[in-house]
Amino acid sequence: MMTEKSFDQPFAQGEPNDGFAQYFSGQSYLAPLAEGSVPLHNVTFEPGCRNNWHIHHGQEGGGDQILICTAGSGWYQAEGEEPISMVPGTVIRVPAGTKHWHGAKAEQWFNHLAYITPGEGLRNEWLEPVSDETYQQLASKGE
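The opening position of the sequence shown corresponds to residue 0 in numbering that gives the first Met the number 0, with each subsequent residue numbered one higher.
Next up, the structure:
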């Protein structure tokens with residue numbers, strides 16, 4: 000059942016993602032699902048919410064991010080590439096060192112599972128917000 004602050008999804012929505020709020024335009028929620036060498040998180044985005052451009056760094060084959068859409072509809076975009084529409088069942092592999100962003104479509108909630116492949120020297124580099132102009136151009140794609 001969809002309410003103002005949640006929507007149907009297969010995993011717990013989690014708490015407001017306040018620890019990373021400075022890197023998001025809009026409200027997101029974070030629920031840790033598994034800890035250990037490959038932590039798995041459920042990330043939920045309210046309509047219009049998106050994260051800043053960012054890069055996951057890693058060494059020795061680690062640092063790739065895997066995104067698995069489980070509910071709603073969102074966008075993924077790597078720098079210099081066309082955006083990809085994400086719907087339930089979409090899986091995206093983001094190679095380490097790739098500048099990218101992801102988030103909900105303007106009128107849709109969006110949910111994905113996210114994890115980073117293990118490796119040495121793992122870190123995130125948070126960059127500039129996705130401009131409103133860039134984001135609003137996606138609405139013209141009819142998605």
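From the three backbone atoms N, C-alpha and C, an ideal C-beta is built for every residue, glycine too.
- Message: By the DSSP assignment, the alpha helix (DSSP H) with Glu78 in it spans what residues?
- Response: First-last for Glu78: undefined, no H or E at that position.
- If you drop the 5 nearest sequence neighbours on each side, which residues of the same chain put their C-beta closer than 7 Å to that of Thr2? Note on Thr2: pLDDT 47, under 50, position unreliable in the model; no value is reported.
- Item | Limits of the alpha helix (DSSP H) - the one that Ala138 falls within | 131 to 138
- Message: Measuring straight from C-alpha to C-alpha, what distance separates Pro128 and Gly35?
- Response: 30 Å
- Buried or exposed: where does Glu45 fall if 16 or more other Cβ atoms within 10 Å of its Cβ makes it buried? buried
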